[in-house]
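Asks:
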Amino acid sequence: MKITIIGASAGIGLQCTRLALAKGHEITTLSRRIVPLPDRPKLKMVQGSATKLNDVRTAVQGAEAVLVTLGVKSPFATTLFSDSARLLLQVLQETNASPTLLVLTGFGAGDSSGYNSLPMRLLFTLLLKNVYADKSEQERLIAGGYSRWEIVRPGRLTNGAMTGHYRILDSLVDGMKVGAVSRSDVAHFMLAQAEHPTYLGKYPALTY
1 MKITIIGASA GIGLQCTRLA LAKGHEITTL SRRIVPLPDR PKLKMVQGSA TKLNDVRTAV
61 QGAEAVLVTL GVKSPFATTL FSDSARLLLQ VLQETNASPT LLVLTGFGAG DSSGYNSLPM
121 RLLFTLLLKN VYADKSEQER LIAGGYSRWE IVRPGRLTNG AMTGHYRILD SLVDGMKVGA
181 VSRSDVAHFM LAQAEHPTYL GKYPALTY
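First residue of the sequence shown? That's 1 in the numbering used here, and the numbers climb one at a time after it.
In structure tokens:
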């Protein structure tokens, strides 16, 4: 299977890349830094930006699934998530391509913001407000501009091992608890959905 991973040089994107290669998929990555992996016959690395048209065109060409796992290190205002979403939708429309699109945001984006615990709501207000405002816009653009998408909303991310055992919550319910989940298990879920999507048009939240 041909899979493109946008934002693959670290974190969940890198975990997705490693897992997909181990399963024999043909992988193209797009990231500002070269993915820290040895050269492999089924790995094509595009060093570039998710907000540059030609880089995105090159990366998604022929893809059967596209995983967007972008992240930022700064809590300050950003438009990376929304800008990259607009550009990706433009490229897919231009090429008349329809890969499965799996977009990583986080629990607290979009309409899930009111379902976080009080401590998490305070954290978002103090530190993550700007980042999650743009992730919410990213979600809005993807859901309104494409048909074959899943938006993945993990809870608090950890560096724990992959277990393959986690809860998948695909609806918002008062009192729901979305806590920690490892980056490795998020990668496990995203790759499984790339292979066999079962949450199209939904916003699965991941937690233990």
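We put the CB at the ideal spot given by N, CA and C, even for glycine.
(1) How many Å lie between Asn116 and Gly13 at the Cα?
(2) Can you tell me whether DSSP reads Lys202 as helix, strand or coil?
(3) Suppose you measure from the CA of Ser112 to the CA of Lys44; what does that come to, to the nearest Å?
(4) Reducing DSSP to helix, strand and coil, say where Ala10 ends up.
(5) Strictly by DSSP, which residues pair up with Glu150?
(6) With burial defined as no fewer than 16 other Cβ atoms inside 10 Å of the residue's Cβ, what is the status of Gln138: buried or exposed?
(7) According to DSSP, Glu64 sits in a beta bridge with which residue or residues?
(8) Is it buried or exposed for Leu200, if we count other Cβ within 10 angstroms and need 16 for buried?
(9) Nearest to Leu104 by alpha carbon, out of Ala50, Asp174, Glu150, Ala161?
(10) So, helix, strand or coil for Lys2, using DSSP?
(11) In this structure, how does DSSP classify Ala143 when only helix, strand and coil are distinguished?
(12) Need the endpoints of the alpha helix (DSSP H) that Val186 sits in, please.
(13) Beta-carbon within less than 7 Å of Val72's beta-carbon, same chain only, minus the 5 sequence neighbours each way: which residues are those?
(14) Just to confirm, are Tyr203 and Arg167 a CB contact at a threshold of 8 Å?
(15) If you draw a straight line from the C-alpha of Gln47 to the C-alpha of Asp174, how long is it?
Replies: So, from the data block:
(1) On the sequence shown, position 116 is the one that residue 116 refers to. On the sequence shown, position 13 is the one that residue 13 refers to. Distance between the alpha carbons of Asn116 and Gly13 is about 25 Å.
(2) The residue you call residue 202 lines up with position 202 of the sequence shown. The answer is coil: DSSP assigns Lys202 none of H, G, I, E or B.
(3) Start at 1 with the first residue of the sequence shown, and residue 112 comes out as number 112. Start at 1 with the first residue of the sequence shown, and residue 44 comes out as number 44. Going by C-alpha positions, Ser112 is about 35 Å away from Lys44.
(4) Reading the sequence shown from its first residue, position 10 is the one you call residue 10. Of the three classes helix, strand and coil, the one that applies to Ala10 here is coil, per DSSP.
(5) Looking up residue 150 in the sequence shown gives position 150. Under DSSP, Glu150 takes part in a beta bridge, and its partners are Leu102.
(6) To locate residue 138, count along the sequence shown from 1; it is residue 138. It is buried - the Cβ of Gln138 has at least 16 other Cβ atoms within 10 Å.
(7) Stepping through the sequence shown from its first residue, residue 64 is reached at position 64. Answer by DSSP bridge pairing: none, since Glu64 is not bridged.
(8) As a first step, residue 200 is located in the sequence shown; it is residue number 200 there, counting from the start. Exposed, because fewer than 16 other Cβ atoms sit within 10 Å of the Cβ of Leu200.
(9) Looking up residue 104 in the sequence shown gives position 104. Checking every option, the nearest Cα to that of Leu104 belongs to Glu150.
(10) On the sequence shown, residue 2 is found 2 positions in, with the first residue counted as 1. If DSSP states are grouped into helix, strand and coil, Lys2 belongs with the strands.
(11) Stepping through the sequence shown from its first residue, residue 143 is reached at position 143. Ala143 falls in the helix class under three-state DSSP.
(12) Stepping through the sequence shown from its first residue, residue 186 is reached at position 186. Here the alpha helix (DSSP H) through Val186 covers 183-195.
(13) Taking the first residue of the sequence shown as position 1, residue 72 is located at position 72. Within the same chain, Val72 has close Cβ partners Thr78, Leu80, Val131.
(14) Translated into positions along the sequence shown, residue 203 becomes position 203. Translated into positions along the sequence shown, residue 167 becomes position 167. Their beta carbons are not under 8 Å apart, which means Tyr203 does not touch Arg167 by this criterion.
(15) Walking along the sequence shown from the start, residue 47 turns up at place 47. Walking along the sequence shown from the start, residue 174 turns up at place 174. When rounded, the distance between both Cα atoms is 43 Å.
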